[in-house]
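Engineer:
Number of protein chains: 2
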Amino acid sequence: MHVTLVHVRVKAEHIEDFIAACKLNHEASTREDGNRRFDILHSKDERGYFVLYEAYRDAAAAATHKQTAHYLAWRDTVADWMAEPRQGQGFDGLFPQG
Amino acid sequence: MHVTLVHVRVKAEHIEDFIAACKLNHEASTREDGNRRFDILHSKDERGYFVLYEAYRDAAAAATHKQTAHYLAWRDTVADWMAEPRQGQGFDGLFPQG
Numbered sequence: 001m002h003v004t005l006v007h008v009r010v011k012a013e014h015i016e017d018f019i020a021a022c023k024l025n026h027e028a029s030t031r032e033d034g035n036r037r038f039d040i041l042h043s044k045d046e047r048g049y050f051v052l053y054e055a056y057r058d059a060a061a062a063a064t065h066k067q068t069a070h071y072l073a074w075r076d077t078v079a080d081w082m083a084e085p086r087q088g089q090g091f092d093g094l095f096p097q098g
Numbered sequence: 099m100h101v102t103l104v105h106v107r108v109k110a111e112h113i114e115d116f117i118a119a120c121k122l123n124h125e126a127s128t129r130e131d132g133n134r135r136f137d138i139l140h141s142k143d144e145r146g147y148f149v150l151y152e153a154y155r156d157a158a159a160a161a162t163h164k165q166t167a168h169y170l171a172w173r174d175t176v177a178d179w180m181a182e183p184r185q186g187q188g189f190d191g192l193f194p195q196g
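Residue numbers (this note's numbering), protein chains in the order written: chain A, 1 to 98; chain B, 99 to 196.
(1) Cβ closer than 8 Å: which chain B residues qualify as neighbours of Arg57 of chain A?
(2) Can you check which of these residues, A:Arg37, A:Ala61 and A:Ala83, is closest to Gln195 of chain B by C-alpha distance?
(3) Roughly how many angstroms separate the alpha carbons of Thr4 of chain A and Ala167 of chain B, rounded to a whole number?
(4) According to DSSP, which residues form a beta bridge with Gly191 of chain B?
(5) Using the rule of at least 16 other Cβ atoms within 10 Å of the residue's Cβ for burial, across every protein chain shown, is Asp156 of chain B buried or exposed?
(6) Can you give the Cα-Cα distance for Ala55 of chain A and Thr128 of chain B, rounded to whole angstroms?
(7) Got a sec, what are the start and stop residues for the alpha helix (DSSP H) Thr30 of chain A sits in?
(8) Would Arg135 of chain B pass as an interface residue toward chain A - the criterion being a Cβ-Cβ separation below 8 Å?
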């Protein structure tokens, strides 16, 4: 699996908006061909901190995600709600395989 | 979902050993009742850096994992292979639900 952990810090006044936008992105992204996981994680310790766990079959499927209407809508919708630029970390998903 | 991201830095000479131990832990953990994901991630940028993405139905299921023979075997097997103490981050998995 081609995996990205996206770390996002959200302004306090937009946390509920951000969760709603991520729900839409999750629902559409998990219907993409090649998507393996698109999990939205909310920190137990820091209220404004979220991680998006995005796993795709391969790099091409992940790149296709970046061209979808739902990704572009999410990106533009949440841009001003972030307290700082989001940070992505790239991983090879070793297990499960494929 | 009850989610933990476990960040592990492994000594260079034990990377292959660590991957083999994590494969066993992955295979057994994903058969636990209440397990949702047990994904082993290997950084694309830092060869000794791994993340274990552990998602359970609830906190009780995650606590039960810590009592299993395969968890205890993994913990003891890899202890001396880590370059620094591992770090866990706790999250509520918002989506998918359940």
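Yeah, the Cβ is synthetic: ideal placement off N, Cα and C, and Gly gets one too.
Structural biologist: Here's the rundown:
(1) Correct list: empty, because the minimum Cβ distance to chain B is about 14 Å.
(2) When only C-alpha atoms are compared, the closest one is A:Arg37.
(3) A straight line joining the alpha-carbon of Thr4 of chain A with that of Ala167 of chain B spans about 30 Å.
(4) Among the bridge pairs identified by DSSP, Gly191 of chain B is matched with A:Leu41.
(5) Label assigned to Asp156 of chain B: exposed.
(6) CA-to-CA, the gap between Ala55 of chain A and Thr128 of chain B works out to about 17 Å.
(7) Per DSSP, Thr30 of chain A lies in no alpha helix (DSSP H) segment and is marked neither H nor E.
(8) Flagged as an interface residue toward chain A: Arg135 of chain B, by a C-beta distance shorter than 8 Å.
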